[in-house]
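Asks: Just add 8 to the spot in the sequence shown (first one is 1) and you have our numbering. C-beta: ideal position from N, C-alpha, C; glycine also. None of these values were measured; they are calculated from a predicted model. Below is the structure I would like to discuss, written out as structure tokens.
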Amino acid sequence: MADFSYRDWPFFDAGHRAFAAELEAWAASANLEETAHAAGGPALDEATRTLVRRLGAAGLLRVCVPRAYGGAREGLDVRSLCLARECLARHAGLADFALAMQGLGSAAITLAGSEAQRRRYLPAVGEGALIAAFALSEPDAGSDVGAMTTRAVADGGDFVLDGTKTWISNAGIADVYTVFARISGTPGATGPGTKGLGAFIVEAGTPGLTVAERIDVIAPHPLGTLRFDGCRVPGSAMLGAPGEGFRIAMSVLDVFRATVGAAALGFARRALDEATARAVTRHAFGQALAGFQLVQAKLADMDVAIDAAALLVYRSAWLKDVQGGRVTREAAMAKLFATESAQQVIDQAVQIFGGLGVVSGVVVERLYREIRALRIYEGTSEIQKLVIAAKLLERHGSPGPGP
Ligand code: COS
């Protein structure tokens with residue numbers, strides 16, 4: 009039996025509670041797992057598109073955009089995003105992915121876009137009519153964002169993009185990409201490292217943008233490498249000002265890192281539900297597994313880890329929604345703890361399942377594969393520790409450990 013008592017926590021208002029109940033009712037009757045169980049390749053793409061369409065038709069993607077552009081709430085409400093990701097991840101990882109990417113892929117437009125840019129893209133993203141993607145990482149610049157080499161060279165009123173972006177979710181199926189690149193040719197906007205980056209909206213089909221390869225991962229979702237070869241975009245495609253790219257990317261991650269924690273929470277909750285049900289029904293040595301204190305200890309550890317993770321995730325989300333400003337430390341804590349502890353929870357669930365836990369297609373086996381990437385993407389656990397330590401040392405007058 010799923011436990012929804014956390015919805016009574018003081019982080020939420022009545023609107024959040026109603027949204028969480030509505031989403032849960034929809035997800036429970038929507039056969040999401042069936043839609044998400046695609047073989048890979050074209051079937052996977054089609055399953056993802058279908059999930060985006062269905063989430064859009066149900067009005068659930070409205071959490072990804074602000075009210076002025078068809079969204080559910082005034083701004084980008086992190087608690088709603090977290091509730092949505094947690095619920096969908098508990099039902100089907102690909103459904104969580106479909107929603108998360110609409111938010112991540114369009115957040116730079118929400119946070120840094122002009123009115124015209126927002127009007128052009130956000131309503132369609134919130135309806136599921138446009139699929140969005142976020143292109144930051146490169147073959148030699150993942151954690152080290154300042155090492156990126158993709159260039160955006162000013163040319164007349166345009167920018168010409170050249171370079172490679174990889175591990176890009178929705179590569180090949182997205183209609184619109186937020187792309188980060190090093191600017192040159194614009195006075196005052198260039199610089200080394202994290203200085204001198206820009207953010208651009210690049211629509212699929214723009215000449216010079218191609219999907220160089222698709223990448224298969226342990227828990228299938230559409231992922232690939234993008235090539236930019238003389239890809240010309242108008243100056244109006246730039247988000248914010250030249251040189252603001254790093255700040256824009258980091259402010260997007262300030263919102264989305266807590267939501268990654270929420271997805272991990274959804275996976276962990278599902279693992280605990282599955283493991284508890286198994287412990288109650290599976291018998292060994294003359295009694296149910298749940299009768300053994302070693303199994304009880306595992307279940308207790310899993311339950312505590314889940315509540316602790318939920319407190320960190322919703323603390324971070326609440327802080328961002330209510331106080332605004334930067335929540336870099338709190339989001340890092342939420343992502344770090346929720347993803348690492350979910351990995352442990354799911355591992356224990358597999359252990360309680362025994363041999364059945366590693367059989368392809370069994371829910372805990374799927375969760376075991378699905379959780380792994382969350383400890384890496386949108387900032388590895390190691391990066392989150394650096395961020396947390398830097399903030400701690402800053403309070404003690406030290407410049408911090410640095411990356
Ligand atoms: N919001 C707004 N501005 C931010 C910010 C945020 N969350 N984080 C940093 N900035 C600003 C800082 O204020 C600073 O501005 P000034 O130069 O004007 O002072 C600037 O950006 C540089 O900040 P900082 O010195 O903290 O950056 P670092 O180079 O030390 O950052 C890490 C290093 C490693 C923390 C950063 O590069 C990072 O998070 N890397 C991981 C990236 C990632 O998640 N990659 C995965 C790809 S996405 S799937």
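Cβ-heavy atom distance between Met109 and the ligand COS below 7 Å?
Replies: For the purposes of this step, residue 109 is taken as the residue at position 101 of the sequence shown. Because no heavy atom of the ligand COS lies under 7 Å away, the Cβ of Met109 does not count as near it: no.
Asks: State the beta-bridge partners of Pro242 as determined by DSSP.
Replies: Counting from 1 along the sequence shown, the entry for residue 242 is found at position 234. Its beta-bridge partners are Asp166.
Asks: Hey, how far is the Cα of Glu338 from the Cα of Val263?
Replies: Residue 338 sits at position 330 when you count from the first residue of the sequence shown. Residue 263 sits at position 255 when you count from the first residue of the sequence shown. Between Glu338 and Val263, the C-alpha separation is close to 10 Å.
Asks: Looking only at its chain, what residues have a beta carbon closer than 8 Å to the beta carbon of Thr157, apart from the 5 residues adjacent to it on each side?
Replies: Within the sequence shown, residue 157 is the residue found at index 149, counting from 1. Contacts found: Glu146, Asp148, Ala149, Gly171 and Arg190.
Asks: Give the secondary structure of Tyr385 by DSSP, where H, G and I count as helix, E and B as strand, and everything else as coil.
Replies: Taking the sequence shown and counting its residues from 1, one reaches residue 385 at position 377. Coil at Tyr385, not helix or strand.
Asks: Quick one: give me the first and last residue of the beta strand (DSSP E) that Ile191 is part of.
Replies: As a working note, residue 191 is residue 183 in the sequence shown. Val184 to Ser192 is the extent of the beta strand (DSSP E) around Ile191.
Asks: Taking the beta carbon of Ile226 as the centre, do at least 16 other beta carbons fall within 10 Å, making it buried, or is it exposed?
Replies: By one-based count along the sequence shown, residue 226 stands at place 218. Ile226 should be labelled exposed.
Asks: For Pro74, which beta-bridge partners are listed by DSSP?
Replies: In the sequence shown, the residue the question calls residue 74 occupies position 66. Partner(s): Arg81.
Asks: Under 8 Å between the Cβ atoms of Leu169 and Val187?
Replies: Stepping through the sequence shown from its first residue, residue 169 is reached at position 161. Stepping through the sequence shown from its first residue, residue 187 is reached at position 179. It is a contact, given that the beta carbons lie within the stated cut-off.
Asks: Answer yes or no: do Ala271 and Leu382 have a C-beta to C-beta separation smaller than 8 Å?
Replies: Translated into the one-based positions of the sequence shown, residue 271 becomes position 263. Translated into the one-based positions of the sequence shown, residue 382 becomes position 374. Contact flag set, yes.
Asks: Assuming Arg98 is part of the alpha helix (DSSP H), what are its boundary residues?
Replies: Taking the sequence shown and counting its residues from 1, the one referred to as residue 98 is at position 90. Looking at the DSSP string, the run of the alpha helix (DSSP H) that includes Arg98 is Val86 to His99.
Asks: Counting only the same chain and skipping the five closest in sequence on each side, list residues whose C-beta sits under 8 Å from that of Ser151.
Replies: Stepping through the sequence shown from its first residue, residue 151 is reached at position 143. For Ser151, where only same-chain residues beyond five positions count, the Cβ hits under 8 Å are Gly387, Thr388, Glu390, Ile391 and Pro411.
Asks: Tell me whether Val370 sits in a helix, a strand or coil according to DSSP, three-state version.
Replies: Looking up residue 370 in the sequence shown gives position 362. In the structure shown, Val370 sits in coil (DSSP, three-state: anything other than H, G, I, E or B).
Asks: Leaving out five residues before and five after Gly64 in sequence, what residues of the same chain have Cβ atoms less than 6 Å from its Cβ?
Replies: On the sequence shown, position 56 is the one that residue 64 refers to. Around Gly64: Glu135 and Gly136.
Asks: Output the boundary residues of the alpha helix (DSSP H) element that contains Glu348.
Replies: In the sequence shown, counting from the first residue as 1, residue 348 sits at position 340. Where Glu348 is concerned, the enclosing alpha helix (DSSP H) stretches over Thr336 to Phe361.
Asks: Name the residue from Leu217, Arg222 and Val86 whose alpha carbon lies nearest to the alpha carbon of Gln331.
Replies: Here residue 331 refers to the residue found at position 323 when the sequence shown is read from its first residue. Among Leu217, Arg222 and Val86, the Cα nearest to that of Gln331 is on Val86.
Asks: How is Arg159 classed by DSSP in three states: helix, strand or coil?
Replies: On the sequence shown, position 151 is the one that residue 159 refers to. Looking at Arg159 - three-state DSSP - the assignment turns out to be strand.
Asks: Ordered along the chain, which non-local residues of its own chain (more than five positions away) have a Cβ less than 7 Å from that of Glu378?
Replies: Counting from 1 along the sequence shown, the entry for residue 378 is found at position 370. For Glu378, where only same-chain residues beyond five positions count, the Cβ hits under 7 Å are Gly101, Ala227 and Phe275.
Asks: To the nearest angstrom, how far is the alpha carbon of Ala340 from that of Leu280?
Replies: Here residue 340 refers to the residue found at position 332 when the sequence shown is read from its first residue. Here residue 280 refers to the residue found at position 272 when the sequence shown is read from its first residue. Looking at the two C-alpha atoms, the distance is approximately 24 Å.
Asks: Is it true that the segment 347-355 meets the segment 363-380, where meeting means three or more beta-carbon pairs spaced less than 8 Å apart?
Replies: The segment 347-355 is in contact with the segment 363-380.
Asks: Just verifying my parser: in three-state terms, what is the DSSP assignment at Lys173?
Replies: In the sequence shown, residue 173 corresponds to position 165, counting from 1. Here Lys173 sits in strand by DSSP.
Asks: Got a sec? Which residues, its chain only, sit under 7 Å from Val321 by beta carbon, not counting five neighbours each side?
Replies: To locate residue 321, count along the sequence shown from 1; it is residue 313. These residues qualify, in order along the chain: Cys90, Ala266, Gly269, Ala270, Leu273, Ala342 and Ala346.
Asks: Do the segment 242-260 and the segment 109-125 meet, that is, are 3 or more Cβ pairs less than 8 Å apart?
Replies: A contact exists between the segment 242-260 and the segment 109-125.
Asks: With a threshold of 7 Å, establish whether the CB of Asp262 neighbours any heavy atom of the ligand COS.
Replies: Working through the sequence shown from its first residue, we reach residue 262 at position 254. The answer is yes for Asp262.
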